[in-house]
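Take a look at the structure set out below.
There are 2 protein chains.
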Amino acid sequence: MDPLETRELRYFVAVAEELHFGRAAELLGMAQPPLSRAIQQLERRLGVMLLERTRRGVALTGAGEVLLDEARATLDAAAAAARRTRRAASPRSRLVLAAKAAGSHELLRKLLDAYAAEPDAAEVEVVLCGIGEETRLLRDGRADAALVHPLFSSLAGFDSEELLTEDQVAVLPAEHPLAARPFLSMAEVSDVPDLPMPRWPHPDGSYPPGPGPEIRDPSQLAQLIALGRTLAVIPASARAWLWTAHTAVPLTDAPPVTTHIAWPPHSRSRALAGLIRTATRL
Amino acid sequence: MDPLETRELRYFVAVAEELHFGRAAELLGMAQPPLSRAIQQLERRLGVMLLERTRRGVALTGAGEVLLDEARATLDAAAAAARRTRRAASPRSRLVLAAKAAGSHELLRKLLDAYAAEPDAAEVEVVLCGIGEETRLLRDGRADAALVHPLFSSLAGFDSEELLTEDQVAVLPAEHPLAARPFLSMAEVSDVPDLPMPRWPHPDGSYPPGPGPEIRDPSQLAQLIALGRTLAVIPASARAWLWTAHTAVPLTDAPPVTTHIAWPPHSRSRALAGLIRTATRL
DNA sequence: CTCCTGTGATACCCGGCGGGTATCACCGCA
DNA sequence: TGCGGTGATACCCGCCGGGTATCACAGGAG
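Residue numbers (my numbering), protein chains in the order written: chain W, 1 to 282; chain V, 1001 to 1282.
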């Protein structure tokens, strides 16, 4: 059986995400009929029903769910192939390092300084990204390495090294009674009636249930804390972005959080190896 | 820029492996001119020279080396997508477990028995493969999980759990003087003039230099030991395949060897999760 | 020096297939 | 019972992937 073409996978992912042939075709910049036909051909080639066509819209079958995951991974791999090949051809070797925009910038600064001091250091471009976006950048080749907190995004599929373990602090509105305390426990902060814990999105974009506000952007969170609407438990190094309206209180029993540096497996770049070496020596 | 098609990647991999357009075209079942044209189009689309055309044959550029790796990974991902989708559609859920043909069969037996005793166990098919082939099977979707010795094949790119750590023994020809010893040290076995250590292939198929015989198949090794031409240092559990012409002698200072169970990241199969759970409980 | 061999590149043609337009078949709903 | 909206079908066309024939060029043998 001849292998799947990325074109077919792109089409399938579009339909599977939209669950609507018309909208998917529009996103793909094509008409609906050829898209329908392409999906039919894909199903015939695989010998598998991928979509449940109900009269009103479309649903994924079990096999369709599997293919959606696998197709995304394959398309990422293809995009990474193109990007990394182009970058390998460009004369000056440059490294792209992904990091959360709200991540510890002390660690980032130390890493960049230490690496720049190496004899044969490459130029490092830092890409600041949102929560959980780092692994996507690694997968599709837009980044060569990433600083990752395994709590938010899994390290599965990458090589990684532990860089830094730090305690966490509670960030409270400065005028809140708890802000005057020298220490707090997790039990105390997780059950403050007027400051419900914020809710972070899952990788799929959905939110867990609960009373707290839905957070997408760390600056949202900072604003909401300053407004006295919520509190946050974050790594101690994030004190850097505290506002005057914020107060950080050490937590006695919060689990320590570690930062890893992760990179795609089987990378043979000398420059990347150098960056990782200096990172682990910090 | 529209993404690379798997067809182009297949063509490039064929040429990059053969370093000869004519032979590559023959392997692909097509004529040489369209293949040349396809590679030219690929180079134009990427804006990158991939091959150094000398008048006599072809060589890879640096960017070509990178693309060869990336293209292989992408093609594996596409093959895995097709296979896993088909398998997901088949009614009865089946797991495919890859293991070295010469691996510890006690561990395998225990694992299969324990899993079969689980309440909702799926049927497990065992694929026996050669040295270092396990990760390939995992990557291209022919296997759902594999028993791996990290010494031979890296776990990079997979999730894994440690299963078993065991000591190693020296396997000698039964009539050799050293076979009578109750214990041996690594220093003693690694420098026996008439029994040079065998050489195992690297992942790329090449062999390290040295006086010992080149081994590809464990049965070759067994035969060569029985003939008094070499010796082997192997995990203690491999006593299972000892011949009467072999003698196993415990090693006092050989590094212990661990067996891992590895699986592709992001797999959501319940059956696989069950297998891994029972494996880690062994 | 010349011819032969083997390499990849070029020129040209054709058929299939990917894509477009028009339309249908069907369901839910006012 | 019509109307809106869904995906499927019918049909056409142009492009591009593939084939054949041939070229351009370097190296080696005589």
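Ideal placement from N, C-alpha and C gives every residue a C-beta, glycine not left out.
Chain W within 8 Å of residue i, Cβ atoms only
{"i": "M1030 of chain V", "result": "no"}
{"i": "H1266 of chain V", "result": "yes"}
{"i": "A1024 of chain V", "result": "no"}
{"i": "A1089 of chain V", "result": "yes"}
{"i": "A1014 of chain V", "result": "no"}
{"i": "A1081 of chain V", "result": "yes"}
Contact with chain V by residue i, beta-carbon distance below 8 Å
{"i": "E5 of chain W", "result": "yes"}
{"i": "V189 of chain W", "result": "no"}
{"i": "R94 of chain W", "result": "no"}
{"i": "R84 of chain W", "result": "yes"}
Residue i and residue j closer than 8 Å at C-beta
{"i": "A1262 of chain V", "j": "L1111 of chain V", "result": "no"}
{"i": "S237 of chain W", "j": "E166 of chain W", "result": "yes"}
{"i": "G228 of chain W", "j": "E118 of chain W", "result": "no"}
{"i": "L1019 of chain V", "j": "A1059 of chain V", "result": "yes"}
{"i": "S1104 of chain V", "j": "T1259 of chain V", "result": "yes"}
{"i": "L50 of chain W", "j": "G29 of chain W", "result": "no"}
{"i": "D1253 of chain V", "j": "S1185 of chain V", "result": "yes"}
{"i": "R1142 of chain V", "j": "V1127 of chain V", "result": "yes"}
{"i": "M1144 of chain V", "j": "L1097 of chain V", "result": "The sequence shown places Asp at residue 1144 of chain V, rather than the Met named in the question. Cβ distance < 8 Å, so D1144 of chain V and L1097 of chain V count as in contact."}
{"i": "V148 of chain W", "j": "L137 of chain W", "result": "no"}
{"i": "E1005 of chain V", "j": "R45 of chain W", "result": "no"}
{"i": "L282 of chain W", "j": "A114 of chain W", "result": "yes"}
{"i": "L9 of chain W", "j": "T1085 of chain V", "result": "no"}
{"i": "R1199 of chain V", "j": "P1193 of chain V", "result": "no"}
{"i": "P3 of chain W", "j": "A1079 of chain V", "result": "yes"}
{"i": "P1173 of chain V", "j": "A1226 of chain V", "result": "yes"}
{"i": "D1217 of chain V", "j": "H266 of chain W", "result": "no"}
{"i": "A14 of chain W", "j": "L27 of chain W", "result": "yes"}
Option in the options with minimal Cα separation from residue i
{"i": "L231 of chain W", "options": "W:L128, W:V48, W:M197, W:A238", "result": "W:M197"}
{"i": "G1157 of chain V", "options": "V:R1045, V:I1234, V:A1116, V:D1076", "result": "V:D1076"}
{"i": "S1093 of chain V", "options": "V:D1120, V:E1175, V:D1069", "result": "V:D1120"}
{"i": "I215 of chain W", "options": "W:I225, W:A226, W:P201", "result": "W:P201"}
{"i": "Q1032 of chain V", "options": "V:I1039, V:G1022, V:Q1040, V:F1183", "result": "V:G1022"}
{"i": "F1012 of chain V", "options": "V:P1213, V:L1035, V:G1062, V:F1183", "result": "V:L1035"}
{"i": "E1134 of chain V", "options": "V:A1114, V:L1242, V:A1101, V:E1161", "result": "V:A1101"}
{"i": "G212 of chain W", "options": "W:G205, W:S219, W:G130, W:L224", "result": "W:L224"}
{"i": "H1246 of chain V", "options": "V:L1163, V:P1256, V:I1234, V:P1264", "result": "V:I1234"}
{"i": "V169 of chain W", "options": "W:S153, W:A16, W:R83, W:P182", "result": "W:P182"}
{"i": "I1276 of chain V", "options": "V:D1159, V:L1242, V:V1257", "result": "V:D1159"}
{"i": "H176 of chain W", "options": "W:T74, W:E125, W:L195, W:P250", "result": "W:L195"}
{"i": "Q220 of chain W", "options": "W:E188, W:I131, W:S153", "result": "W:I131"}
{"i": "V249 of chain W", "options": "W:S206, W:E188, W:G210", "result": "W:E188"}
Paired residues, beta bridge with residue i - DSSP
{"i": "T1278 of chain V", "result": "According to DSSP, which records beta bridges pairwise, T1278 of chain V is partnered with nothing at all."}
{"i": "R229 of chain W", "result": "According to DSSP, which records beta bridges pairwise, R229 of chain W is partnered with nothing at all."}
{"i": "A170 of chain W", "result": "W:V233, W:V249"}
{"i": "T61 of chain W", "result": "Paired residue(s): none; T61 of chain W is not in a bridge."}
Residue i CB to nearest heavy atom of the ligand SAM below 7 Å
{"i": "G1064 of chain V", "result": "Looking at this structure, you won't find the ligand SAM or any other ligand, since it has none at all."}
Handout entry: Within 9 Å of chain V by C-beta, residues of the region 63-78 of chain W in sequence order
Key = Within the region 63-78 of chain W, the qualifying residues are A63, G64, E65, V66, L67, D69, E70, A71, A73, T74, L75, D76, A77, A78.
Handout entry: Near-chain W residues of the region 1037-1058 of chain V - C-beta to any C-beta below 9 Å
Key = Residues R1045, L1046, G1047, V1048, M1049, L1050.
Exercise for the section: With 7 Å as the C-beta to C-beta threshold (strictly closer), list the residues of the region 137-169 of chain W near chain V in chain order. Expected result: Under the 7 Å Cβ criterion, the region 137-169 of chain W contributes A156, G157, D159.
Problem - Contact set between the region 1211-1233 of chain V and chain W, restricted to residues whose Cβ is under 9 Å from the partner - result: Per Cβ criterion, the list is empty.
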